[in-house]
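Number of protein chains: 2
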Amino acid sequence: MFRISTVVDFAEKSCMAGIREQKKSATRKAILIAAVRLFAEKGVEQTSMEELARAAGIGKATIYGYFSTKKEIFLAYCEEEVAYAFSILERKQDEDAPLTEQLVGLMIAQLTYVTSNREFGRLFAREIMFPGEQTTLASHDLDRHYMQRLMGALSRGQGRSELPADCDLLLLMGHLHALYLFSLSLFYQGDLANMDEAEILLRALVMQTLNGLTALLHADTQEAERWEELKLIFLLRRHLKFE
Amino acid sequence: MFRISTVVDFAEKSCMAGIREQKKSATRKAILIAAVRLFAEKGVEQTSMEELARAAGIGKATIYGYFSTKKEIFLAYCEEEVAYAFSILERKQDEDAPLTEQLVGLMIAQLTYVTSNREFGRLFAREIMFPGEQTTLASHDLDRHYMQRLMGALSRGQGRSELPADCDLLLLMGHLHALYLFSLSLFYQGDLANMDEAEILLRALVMQTLNGLTALLHADTQEAERWEELKLIFLLRRHLKFE
DNA sequence: ACATAAAGTCGACTCTGGTCGACTTTATTG
DNA sequence: CAATAAAGTCGACCAGAGTCGACTTTATGT
Chain A
41 MFRISTVVDF
51 AEKSCMAGIR
61 EQKKSATRKA
71 ILIAAVRLFA
81 EKGVEQTSME
91 ELARAAGIGK
101 ATIYGYFSTK
111 KEIFLAYCEE
121 EVAYAFSILE
131 RKQDEDAPLT
141 EQLVGLMIAQ
151 LTYVTSNREF
161 GRLFAREIMF
171 PGEQTTLASH
181 DLDRHYMQRL
191 MGALSRGQGR
201 SELPADCDLL
211 LLMGHLHALY
221 LFSLSLFYQG
231 DLANMDEAEI
241 LLRALVMQTL
251 NGLTALLHAD
261 TQEAERWEEL
271 KLIFLLRRHL
281 KFE
Chain B
41 MFRISTVVDF
51 AEKSCMAGIR
61 EQKKSATRKA
71 ILIAAVRLFA
81 EKGVEQTSME
91 ELARAAGIGK
101 ATIYGYFSTK
111 KEIFLAYCEE
121 EVAYAFSILE
131 RKQDEDAPLT
141 EQLVGLMIAQ
151 LTYVTSNREF
161 GRLFAREIMF
171 PGEQTTLASH
181 DLDRHYMQRL
191 MGALSRGQGR
201 SELPADCDLL
211 LLMGHLHALY
221 LFSLSLFYQG
231 DLANMDEAEI
241 LLRALVMQTL
251 NGLTALLHAD
261 TQEAERWEEL
271 KLIFLLRRHL
281 KFE
């Protein structure tokens, strides 16, 4: 679940420096705090700007001096959350684990985090993957950060000869990111019920990518078995949903 | 660009059969026709339900007897478009081309189609990949159809020994779909400026999937060169966007 | 300290998606 | 051909996102 304190701390540290009077923009804090609480309690749609304003102790029109749309409030919150999530991720990562494990671990951690609140995750994913014309997520930092981490894992893997020396790491990175997005989408389409299923799928996909098309056959039989099971579940679910 | 006639024809053929009196639901037609025109002319957001109703020659409240939300109108339209697009795709496909070409061709065709109207494509993609709780796209038929076609191409490829006999086709299909989604997302994030770029990327990714991590090295040098160029463009764009 | 500008605040308003309930048309049945 | 039910239609309304302009507070210059 999402935390309140972090959001606020991040907001404060990030932008302002000298001008003391801008402490007034503690109002921004108040808005975000109220937003997090209400959004989590009643959902984004079900929270009106009027309510939100009152919860923050200000008038509705005042909000628009800080955020220009409701969506912007939501995204401001999400960005800070994601930044925080990364900082957690960093600590968890085991740089000496086999490459596949590192990659799957990274993806699962992020997946878990993003979907910890279903609605938030959905809105966020929509906005990130298919941004509106005006939406300028400041999260390009985050993107970069994420890519650097992924790239780091790949380079280390290459150093340890888990990857061919002449392998195109950028392409591979994109490739892996594609797998992550795919899993996220499957989750929201109801094909993946939980993170255990996601992990089975991701492991199969990553192995297929790194070790070739028939990788599963040459791997851990338990892994292969799990995937076979999951496959059946997929087919079943698709059928049920349609009839 | 999107056509009007097809939408309507599809709508009519699909649902009704005996009951003549339901010809009254030509109103549905009228709504969709008006919607297509107005949505395309002024954009979805910029078209009000009032306008839409008037353009269809009815009162606003009447619309809600046919569609329960604005989004539903939009999606109804999209679904029919996509069904139509598939029927076109079918004719184009060359079952004897090399597998990579077939796959890339299929993806590019779909990509081209979906993005032929930027806004429509974005909204559609959002809804398909991260559907809301209540959104029940009837497009599971379409999904199935799409998957069957992909699977068909893969099976044929396997028959021709372009794929190992013991390769997991379902997993591979998911994998390929992931690459498609990734490209679509990159397009909307501004990393891909046009379909030529998309094709270079997709070809590189598909080759990496089918032929292994170092596939590009062993391939057509021209292909590899194009990808190297595109890589530079990516890095450049990401930088520019941030500063 | 005062004047003036700038920033912040908010009540009242507009606009639009969606609902409600009364009204009109069409179909059914004895 | 009524009588009655069912479906279709829409004016009037509601709620919520976002805007406007007047008012209040704070900062700046003299």
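Line by line, the protein sequences are chains A and B.
Start counting the first sequence at 41; every next residue gets the next number (the numbering used here).
Start counting the second sequence at 41; every next residue gets the next number (the numbering used here).
The beta-carbon is built from N, C-alpha and C at its ideal position, and this holds for glycine as well.
Express the C-alpha separation of residue 75 of chain B and residue 113 of chain B in angstroms, rounding to a whole number. 8 angstroms
Given a threshold of 16 other Cβ atoms within 10 Å of its Cβ, counted over all protein chains shown, does residue 184 of chain A qualify as buried or as exposed? exposed
Indicate whether at least one CB of chain B lies closer than 8 angstroms to the CB of residue 229 of chain A. yes
Just to confirm, are residue 93 of chain A and residue 82 of chain A a CB contact at a threshold of 8 angstroms? no
Taking Cβ to Cβ, would you say residue 231 of chain B is nearer than 8 angstroms to residue 170 of chain B? no
In three-state DSSP terms, what is residue 84 of chain B? coil
Looking at the unbroken alpha helix (DSSP H) that takes in residue 170 of chain B, where does it start and where does it end? Per DSSP, residue 170 of chain B belongs to no alpha helix (DSSP H) and is neither H nor E.
Helix, strand or coil for residue 57 of chain B? Go by DSSP, reduced to three states. Caution applies to residue 57 of chain B, whose pLDDT of 38 falls short of 50 and renders its modelled position unreliable; the value that the coordinates give is listed next. The answer is coil: DSSP assigns residue 57 of chain B none of H, G, I, E or B.
If you draw a straight line from the alpha carbon of residue 153 of chain B to that of residue 208 of chain A, how long is it in whole angstroms? 30 angstroms
Cβ neighbours of residue 65 of chain A in the same chain (closer than 6 angstroms, five flanking residues each side left out): none
Of all Cβ atoms in chain B, is any one closer than 8 angstroms to the Cβ of residue 248 of chain A? yes
Looking at the C-beta of residue 110 of chain B, does it have a partner C-beta in chain A at a distance below 8 angstroms? no
Using a Cβ distance threshold of 8 angstroms, determine whether the segment 240–248 of chain B contacts the segment 262–279 of chain B, with at least three qualifying pairs required. yes
When the Cα atoms are used, what is the spatial distance from residue 96 of chain B to residue 116 of chain B? 16 angstroms
Between residue 254 of chain B and chain A, is the shortest Cβ-Cβ distance under 8 angstroms, so that the two count as touching? yes
Looking only at its own chain, which residues have a Cβ that is under 8 angstroms from the Cβ of residue 279 of chain A, when we skip the five neighbours before and after it? none
Give a yes or no on whether 8 angstroms exceeds the smallest Cβ distance from residue 225 of chain B to chain A. yes
Please report whether the beta-carbon of residue 270 of chain B lies at a distance below 8 angstroms from any beta-carbon of chain A. no
At a Cβ cut of 7 angstroms, what residues of the segment 185–202 of chain B count as close to chain A, listed as they run along the chain? none
What are the start and end residues of each continuous alpha helix (DSSP H) run of 4 or more residues lying completely inside the segment 73–128 of chain B, in chain order? 89–95, 100–103
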